[in-house]
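Chains as they are written, first to last, in the numbering used here: chain A, 45 to 476; chain B, 106 to 279. Here's the structure we're looking at; comments come further down.
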Ligand code: SF4
């Protein structure tokens, strides 16, 4: 019988089948950040097992609160720093070289098609954009991953989402995934992997694919997966060029993780994006989604452009294109956080940072920042944020605050207007 | 093995997420114990006050998709340090459910009908639940009423509960 991508990956990584459909699989990479790892480290120390299964497969970053904001976050960083040093973990990214985990790890070439990856972070599903199985786990799974290089999962079930049609102008990967989540619901993909395919996905850059896969968890999905193709190979080429004679050979190798034509899916959903409008969330669940046109005029206080969903170079380009020559509304606090130092420096070279600053945005270092209301950009009670992030839970950006999720284009346009609005009016104004 | 029997806290809503269970601002804590006062702090339910209502409870009965959102194991830990080791609902988010068993705690799924019945009969009363792991049976009691409901648990999950969690299990197996 044919297999899905996740089934192929599981079958090639199986270590044990302790009971039923539980598969203990071998891990190719374990990613760590300073929020969920310290408790695992402390527990390993208490158990007298302060070791790692393979230092070269563990990648570590301080990203959620950086620079540290108080003694507690400073202590979290310190635990990670000292642990990485004493366990000889080379790939440790501290301040000055750090960025949002799900942006920096792919950028450093740590993800490959067919890989198995875990991290103590729910948006680990992002890395499935490369044709990998990447799943967010809790601290105990992380701890065992660090120590033993294995993790237990139910054998994967998969939903296939086929995205076809022509993406209208002003509509981006973020709008697509928001509307997919609106259709699936917040638990529509629980315990399942989502394969994204179709001509829309084929045409997306790796950045766009990461935006899609990043939000698989918001529908409950274990991982979002895109099929490896020439776009994947081109993105990874500088890291793999010594391993393959040419790009075609690399692609052929990666294609062993494509699904079989007779693979079995729990569900196949066809979705034509041709009539899709820009989308935005309302309320406190990511499946509360509406077209921007129906939410137009909702007052906002803050605009946040950044995060593992939409803090990449393409996102900054799109937002800057809308902002260029405009000022944001007096009533708006605009914050932009390029997701990694490399993105920051490219945005600087391309003049994007100047556009943000001229428009009245505050520019921060690469960090999760306002996304989870833990460090900067926290909302006050009753305040509203238009955000390019992935979660609008009650209190996410600060107690009593409201978050509306949207694309960078919509966020930039809303910053200029002072209320939620579509990006076309600014683009069309410029065209005139 | 942990204790799974005691007084029940009813949380009558679906999709209760990890930010409601333990807000992100407490993720800077590096000991489990320090999470104790903040459990369910941001949960808004009619008449629910976290500090008052969590006190003395051992079991939670709730609706669907409990624990959705972030992967933070701080969510089960916040229950654990409050003495709550068993959560019963229609369904759970994957990571939350796995985290519970990984800690040697239990997340038990019952049918929508059973959950509905439990809410109808018991939600307004002081309720006591006994979990019998040998017979796979839950005995739920309030003054003058008693209900028995059997539950299922996979062999692997049971092994985790008996081992006291995934670290101990993995260490002896891999
Ligand atoms: S940017 Fe937000 S969602 Fe992404 S890893 Fe950081 S806190 Fe999590």
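Every residue, glycine too, gets a C-beta built ideally from N, C-alpha and C.
C-alpha distance - residue i paired with residue j, whole-angstrom precision
| i | j | result |
| --- | --- | --- |
| residue 387 of chain A | residue 398 of chain A | 14 Å |
| residue 160 of chain B | residue 154 of chain B | 10 Å |
| residue 473 of chain A | residue 198 of chain B | At residue 473 of chain A the pLDDT is 44, less than 50, meaning the model places this residue with poor confidence and gives no usable figure here. |
| residue 468 of chain A | residue 49 of chain A | 38 Å |
| residue 98 of chain A | residue 186 of chain A | 14 Å |
| residue 476 of chain A | residue 470 of chain A | Since pLDDT at residue 476 of chain A reaches only 36, below the 50 mark, its modelled position is unreliable, and the value read off the structure follows with that caveat. Taking the straight line from one Cα to the other gives about 10 Å. |
| residue 251 of chain A | residue 112 of chain B | 49 Å |
| residue 136 of chain A | residue 104 of chain A | 5 Å |
| residue 39 of chain A | residue 177 of chain B | For residue 39 of chain A there is no data in the structure shown, the boundaries of chain A being 45 and 476. |
| residue 209 of chain B | residue 268 of chain B | 7 Å |
| residue 447 of chain A | residue 221 of chain B | 32 Å |
| residue 206 of chain B | residue 391 of chain A | 45 Å |
| residue 263 of chain A | residue 62 of chain A | 28 Å |
| residue 251 of chain B | residue 189 of chain B | 21 Å |
| residue 193 of chain B | residue 383 of chain A | 39 Å |
| residue 236 of chain A | residue 89 of chain A | 34 Å |
| residue 131 of chain A | residue 271 of chain A | 35 Å |
| residue 195 of chain A | residue 141 of chain B | 28 Å |
| residue 59 of chain A | residue 344 of chain A | 51 Å |
| residue 230 of chain A | residue 120 of chain B | 8 Å |
| residue 144 of chain B | residue 239 of chain A | 36 Å |
| residue 219 of chain B | residue 245 of chain B | 12 Å |
| residue 249 of chain B | residue 229 of chain B | 14 Å |
| residue 123 of chain B | residue 86 of chain A | 23 Å |
| residue 429 of chain A | residue 350 of chain A | 13 Å |
| residue 198 of chain A | residue 211 of chain A | 35 Å |
| residue 284 of chain A | residue 216 of chain A | 29 Å |
Whole-Å CB distance - residue i paired with residue j, under 8 Å assumed
| i | j | result |
| --- | --- | --- |
| residue 207 of chain A | residue 315 of chain A | 5 Å |
| residue 310 of chain B | residue 238 of chain B | Residue 310 of chain B lies beyond the range of chain B shown here (106 to 279); nothing can be said about it. |
| residue 126 of chain B | residue 180 of chain B | 4 Å |
| residue 330 of chain A | residue 435 of chain A | 6 Å |
| residue 465 of chain A | residue 340 of chain A | 6 Å |
| residue 130 of chain B | residue 417 of chain A | 7 Å |
| residue 408 of chain A | residue 379 of chain A | 6 Å |
| residue 431 of chain A | residue 459 of chain A | Not quite, the Cβ-Cβ distance comes to about 11 Å (not below 8 Å), so this is no contact. |
| residue 81 of chain A | residue 124 of chain A | 6 Å |
| residue 145 of chain A | residue 258 of chain A | The pair is not a contact, with the Cβ atoms about 11 Å apart (cut-off 8 Å). |
Top-ranked residue by Cα proximity to residue i, from the options
| i | options | result |
| --- | --- | --- |
| residue 346 of chain A | A/306, A/374 and A/385 | A/374 |
| residue 271 of chain B | B/204, B/223, B/255 and B/260 | B/204 |
| residue 492 of chain A | A/112, A/69, A/95 and A/101 | Residue 492 of chain A cannot be examined here, being either before or after the span of chain A that is shown, 45 to 476. |
| residue 253 of chain B | B/242, B/263 and B/274 | B/242 |
| residue 33 of chain A | B/120, B/190 and B/262 | No answer is possible for residue 33 of chain A: the residues shown for chain A start at 45 and end at 476. |
| residue 280 of chain A | A/392, A/304 and A/175 | A/175 |
| residue 163 of chain A | A/245, A/109, A/125 and A/190 | A/190 |
| residue 294 of chain A | A/437, A/158 and A/379 | A/158 |
| residue 109 of chain A | A/129, A/407 and A/138 | A/138 |
| residue 67 of chain A | A/73, A/303, A/53 and A/75 | A/53 |
| residue 265 of chain B | B/227, B/141 and B/212 | B/212 |
| residue 147 of chain B | A/454, A/240, A/444 and A/297 | A/444 |
| residue 184 of chain A | A/134, A/303 and A/165 | A/165 |
| residue 134 of chain A | A/161, A/116, A/100 and A/124 | A/100 |
| residue 453 of chain A | A/368, A/376, A/409 and A/385 | A/368 |
| residue 326 of chain A | A/89, A/226 and A/172 | A/226 |
| residue 333 of chain A | A/349, A/161 and A/224 | A/224 |
| residue 220 of chain A | A/198, A/254, A/309 and A/202 | A/254 |
| residue 141 of chain A | A/410, A/427, A/462 and A/232 | A/410 |
| residue 401 of chain A | A/265, A/420, A/76 and A/381 | A/381 |
| residue 426 of chain A | A/415, A/419, A/215 and A/438 | A/438 |
| residue 376 of chain A | A/129, A/394 and A/348 | A/348 |
query: Which residues, in order along the region 163–184 of chain A, keep a beta-carbon less than 9 Å from a beta-carbon of chain B?
result: 163, 164, 165, 166, 167, 168, 179, 180, 181, 182, 183 and 184
- request: May I ask you to list, following chain order, the residues of the region 119–145 of chain B that have a beta carbon less than 9 Å from some beta carbon of chain A?
  value: 119, 120, 122, 123, 124, 125, 128, 129, 130, 132, 133, 134, 135, 136 and 137
- prompt: Given a limit of 8 Å on CB to CB distance, which residues of the region 149–173 of chain B reach chain A?
  reply: 149, 169, 170 and 173
message: Just to confirm the assignment: which complete alpha helix (DSSP H) runs, minimum length 4, are found wholly within the region 154–195 of chain A?
response: 183–192
query: Listed from N- to C-terminal order along the chain, which residues in the region 200–222 of chain B have their beta-carbon within a distance smaller than 7 Å of any beta-carbon of chain D?
result: Reference to chain D is not applicable here, since the protein chains of this structure are A and B.
Segments of 3+ residues assigned as beta strand (DSSP E) that fall wholly inside the region 164–251 of chain B: 191–194, 211–214, 233–237 and 242–247
message: Going residue by residue through the region 116–162 of chain B, where are the continuous alpha helix (DSSP H) segments of at least 4 residues, counting only ones entirely within it?
response: 123–126 and 155–159
query: Looking at chain B, which residues of the region 423–457 of chain A have a Cβ within less than 8 Å of any of its Cβ atoms?
result: 435, 437, 438, 439, 440 and 443
query: Which residues, in chain order, does the region 65–90 of chain A contribute to contact with chain B at a C-beta distance below 8 Å?
result: 66, 68, 79, 80, 82, 83, 86 and 87
field: the region 234–245 of chain A: positions lying closer than 7 Å to chain B by Cβ
entry: 234 and 235
- request: Could you please tell me which residues of the region 400–417 of chain A, in chain order, have their CB closer than 9 Å to any CB of chain B?
  value: 416 and 417
task: Select from the region 320–344 of chain A all residues with a C-beta closer than 7 Å to any C-beta belonging to chain B, and list them in chain order.
output: 329
field: Ranges of the alpha helix (DSSP H) found wholly within the region 310–392 of chain A, counting only runs of at least 4
entry: 336–339, 351–354 and 357–367
query: Name the residues in the region 186–210 of chain A whose C-beta lies less than 8 Å from a C-beta of chain B; which are they?
result: 187, 188, 191, 192, 194 and 196
task: Just list the beta strand (DSSP E) runs in the region 232–271 of chain A, keeping only unbroken ones of 3 residues or longer that don't cross its boundaries, in chain order.
output: 236–241 and 267–270
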